[in-house]
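First up is the structure itself, then whatever we jot down about it.
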Amino acid sequence: MVKFSKQLEAQLIPEWKDAFVNYWQLKKHVRKIKVLHKPKLNARNAHDFGLSIFDPVLSAFSRLSARLATGPDPVQARAENEASGDEHVTSEADEESQNENELVLLVSEEDEVKSFFDQLDEELNKVNNFYAAKEKEFVERGDILSKQLQILLDLKQVLHDHKKSGNSTSLNSRSSSARQSDFSESGDDLNGTLESQTEEVITALARNGVNFVGSEAARKKGRPRTTSMRIEIPATTPTRTITAVTSMLWEDLVNNPKKEGPGEQINKKKIQCAEKMIRGAFVELYRGLGLLKTYSSLNMVAFTKIIKKFDKVANQQASSSYLKMVKRSHFISSDKVVKLMDEVEFIFTKHFASNDRKKAMKFLRPQEHKESHMVTFFVGLFTGCFMTLFSVYAILAHMSEMLSPVTGTGYMETVYPVFSMFALLSLHLFMYGCNLFMWKRKRISYNFIFEFQPNTALKYRDAFLICTSLMSAVVGALVIHLILRSNGFSASQVDAIPGVLLLIFMAILICPFNIFYRSTRYCFIRVIRNIVFSPLYKVLMVDFFMADQLTSQIPLLRHMESTACYFLSGSLRTHQFNTCKSGKLYRELAYVISFAPYYWRAMQCGRRWVDEHDPNHLANLGKYVSAMVAAGARISYSTNPSTVWFITVLVTSLAATVYQLYWDFVKDWGLLNPKSHNLWLRDDLILKNKSIYYVSIVFNVVLRVAWVETVLNFRVGLVESRLLEFLLASLEVIRRGHWNFYRIENEHLNNVGKFRAVKTVPLPFRETDSDG
Numbered sequence: 001m002v003k004f005s006k007q008l009e010a011q012l013i014p015e016w017k018d019a020f021v022n023y024w025q026l027k028k029h030v031r032k033i034k035v036l037h038k039p040k041l042n043a044r045n046a047h048d049f050g051l052s053i054f055d056p057v058l059s060a061f062s063r064l065s066a067r068l069a070t071g072p073d074p075v076q077a078r079a080e081n082e083a084s085g086d087e088h089v090t091s092e093a094d095e096e097s098q099n100e101n102e103l104v105l106l107v108s109e110e111d112e113v114k115s116f117f118d119q120l121d122e123e124l125n126k127v128n129n130f131y132a133a134k135e136k137e138f139v140e141r142g143d144i145l146s147k148q149l150q151i152l153l154d155l156k157q158v159l160h161d162h163k164k165s166g167n168s169t170s171l172n173s174r175s176s177s178a179r180q181s182d183f184s185e186s187g188d189d190l191n192g193t194l195e196s197q198t199e200e201v202i203t204a205l206a207r208n209g210v211n212f213v214g215s216e217a218a219r220k221k222g223r224p225r226t227t228s229m230r231i232e233i234p235a236t237t238p239t240r241t242i243t244a245v246t247s248m249l250w251e252d253l254v255n256n257p258k259k260e261g262p263g264e265q266i267n268k269k270k271i272q273c274a275e276k277m278i279r280g281a282f283v284e285l286y287r288g289l290g291l292l293k294t295y296s297s298l299n300m301v302a303f304t305k306i307i308k309k310f311d312k313v314a315n316q317q318a319s320s321s322y323l324k325m326v327k328r329s330h331f332i333s334s335d336k337v338v339k340l341m342d343e344v345e346f347i348f349t350k351h352f353a354s355n356d357r358k359k360a361m362k363f364l365r366p367q368e369h370k371e372s373h374m375v376t377f378f379v380g381l382f383t384g385c386f387m388t389l390f391s392v393y394a395i396l397a398h399m400s401e402m403l404s405p406v407t408g409t410g411y412m413e414t415v416y417p418v419f420s421m422f423a424l425l426s427l428h429l430f431m432y433g434c435n436l437f438m439w440k441r442k443r444i445s446y447n448f449i450f451e452f453q454p455n456t457a458l459k460y461r462d463a464f465l466i467c468t469s470l471m472s473a474v475v476g477a478l479v480i481h482l483i484l485r486s487n488g489f490s491a492s493q494v495d496a497i498p499g500v501l502l503l504i505f506m507a508i509l510i511c512p513f514n515i516f517y518r519s520t521r522y523c524f525i526r527v528i529r530n531i532v533f534s535p536l537y538k539v540l541m542v543d544f545f546m547a548d549q550l551t552s553q554i555p556l557l558r559h560m561e562s563t564a565c566y567f568l569s570g571s572l573r574t575h576q577f578n579t580c581k582s583g584k585l586y587r588e589l590a591y592v593i594s595f596a597p598y599y600w601r602a603m604q605c606g607r608r609w610v611d612e613h614d615p616n617h618l619a620n621l622g623k624y625v626s627a628m629v630a631a632g633a634r635i636s637y638s639t640n641p642s643t644v645w646f647i648t649v650l651v652t653s654l655a656a657t658v659y660q661l662y663w664d665f666v667k668d669w670g671l672l673n674p675k676s677h678n679l680w681l682r683d684d685l686i687l688k689n690k691s692i693y694y695v696s697i698v699f700n701v702v703l704r705v706a707w708v709e710t711v712l713n714f715r716v717g718l719v720e721s722r723l724l725e726f727l728l729a730s731l732e733v734i735r736r737g738h739w740n741f742y743r744i745e746n747e748h749l750n751n752v753g754k755f756r757a758v759k760t761v762p763l764p765f766r767e768t769d770s771d772g
């Protein structure tokens, strides 16, 4: 049977771990009590001493429990009784205070018992305070969402009324002169119709604190007040959510007061965007309420378990009295969370699921897909296939001498770019699968950090399945290509195999059918789009995390460029590979491809600085600029190996490496803290073995300086140079996978430090001052 301490460790909310009852520390107290009082218990049994010294604890707790109904603080309870002026209550409080003093005298004789109950009270206060704070936060969030939903419904009603009256779905879609002409032609009848249809809705909005401010010019010209308006929501709710969060949608959804023109619109599409935002906010609110409910139940079980352990060790019956007090505590007695959850379920079912409760629960309680043994089976199957096919390929390549320096030139130029590209991609997927495995094992909430949906997020077994199946297909194609080349087939026909494999891969990537992890594929395409078009899109965690992966896959991008050149220029048919390896265009493309990932990442840093005004993002931008300069210097040195370029490469690469190492260790990993109680690490560590962090630091330093190979200028043949290039590219991918674990670990610990377990969704309607 699994011990409760392990069950608690596995079930608690990782971001709220410090707010849970410290069951493990209380358990240590119980163990000390067991060790300290076992000799006394044996002595009493030998001399027939009689009652234990702890027996009065039961009667004292029974009297204290009635007085502590309002909480575990005896001073506060006594003050409330004295303030009431009731003589009976006061005398009862004095009597119970005397009993409390007797209890203190009794337990003072056993310091460990007193220390145990003191810490128990502290833990109970901690749990109560945290629960009350989170409950207040969620209740306020619920009130805000109710107001937002009401505004949304009223706006939809206004839009519906305009449609019904034959008006345009856009409140300001036409020019002022055109609207003036229309109103003049329709006369007072249209004005009266619009006024009557929207008057009731506007009145309802006004009752909810929403003011429609029409344009003075419009009113003077006799136009209806609904044709040009802005919405003001008075700041009646003191929360941090709406006052700070204003999305770009607001500027489109309501008119800018400084603009009297017809540029802003309220149409169906924008209403749908607002509805989607509010729906997502309700989902996150429901998730937070569920976490708080779990927090309450787990802490109650922890208190019950630890008190019963104390009873068993001390041979007492204190559990019933103390647990009554715990059950009267706020985190157990309050029913606000349950009521709010029911209310959210009702609202969501009615307004976002067309009264279909089953559909609503799919949004509110998304279920993770159960891990199938079939996935594990196929991972093992494809792993075996890959190992077998690779062994066959190695034997055939050696027998046919395809990799020899004399006969292997054409083969390496044909096969290497495509197949090494797939190999690097598969290696990256394998490292990502290892990351997923470790994050899950260490209870790092990567789905929350990346904002992935738990029912569609990739699991580590899925990543391994994609990796092994892809590599099996690639090595299988290698074997077929080698067999056909060895049996005398024309090179122009055989060399089409890498291109066919690439086309199949691209077709699977964009396949619209719900097969082969469609949600993951489309998420990948969407993230790549956000990266390529930086800084046009707002930067999320998954965006800049993926952009960092691309900075480690520059060789893969170079191979993609070479492959495209081979096919488009016809070099695969003519075997004139110098066409894609020389000339001014080749050098320019090499610069662009080497710069592109760093440029995208720098643009993301710039966008984040504009959005958040954090100077750290500018410093991070400088890191990627230094990497661009170093990469450009290395490319120039490879084409013009002079002394000047050698010194330039050495200086720029050293500066960029030092910059990157500092950012890796201090900013991304949170290590090298001189004030940490863990020498040069950080105070909080996920891995228990500290030596792993020191080894990781050294490992990262060694792989960061792999660029030294560029300036050493090894004189090797084409085949050896290709293999060396692939080895260095593989080491960089391994370094990136190693970096990923500590980067997300540090992000998770930052969330834990801020008790951030629920995402704050931006809301569409901005709160303004009621006096403005």
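According to full-length UniProt numbering, the sequence shown is numbered sequentially starting from 1.
Using N, Cα and C, we set each Cβ at its ideal position, and we do this for glycine too.
Residue i versus residue j: straight-line alpha-carbon distance, rounded
i	j	result
lysine 336	phenylalanine 352	23 Å
phenylalanine 513	arginine 529	20 Å
threonine 246	serine 626	Annotation note: pLDDT 37 at threonine 246 (below 50); position unreliable, coordinate value reported separately. One C-alpha to the other measures close to 34 Å.
tyrosine 694	asparagine 700	10 Å
tyrosine 624	isoleucine 33	58 Å
lysine 440	tyrosine 517	20 Å
phenylalanine 331	aspartate 118	19 Å
glycine 192	isoleucine 531	Here glycine 192 scores only 48 on pLDDT, less than 50, and its place in the model should not be relied on; the value that follows carries that caveat. Going from the Cα of glycine 192 to the Cα of isoleucine 531 covers about 51 Å.
glycine 622	arginine 607	14 Å
lysine 754	tyrosine 393	53 Å
alanine 19	alanine 281	24 Å
valine 338	lysine 17	22 Å
asparagine 487	isoleucine 480	11 Å
tyrosine 742	methionine 603	24 Å
threonine 551	phenylalanine 130	42 Å
lysine 293	proline 454	19 Å
Assigned secondary structure, residue i (DSSP; H/G/I helix, E/B strand, else coil)
i	result
isoleucine 734	helix
leucine 585	helix
glutamate 122	helix
valine 761	coil
lysine 32	helix
isoleucine 515	coil
lysine 362	helix
glutamine 367	coil
lysine 114	helix
valine 500	helix
arginine 141	helix
asparagine 128	helix
tryptophan 707	coil
Neighbour-count burial assignment, residue i, 16 or more Cβ in a 10 Å radius
i	result
leucine 465	buried
glutamate 612	exposed
methionine 412	buried
glutamate 343	exposed
glutamate 135	buried
isoleucine 515	exposed
asparagine 299	buried
methionine 374	exposed
threonine 376	exposed
phenylalanine 419	buried
tryptophan 669	buried
glutamate 123	buried
glycine 380	exposed
N- and C-terminal bounds of the alpha helix (DSSP H) containing residue i
i	result
aspartate 311	268 to 314
glutamine 549	541 to 551
tryptophan 669	Careful: tryptophan 669 lies outside any alpha helix (DSSP H) and carries neither H nor E.
tyrosine 659	643 to 662
threonine 476	Checking the sequence shown, residue 476 turns out to be glycine, not threonine. Note, glycine 476: alpha helix (DSSP H), 460 to 486.
leucine 679	Unbroken run through leucine 679: none, as it is neither H nor E.
glycine 622	615 to 639
serine 696	691 to 704
threonine 388	373 to 400
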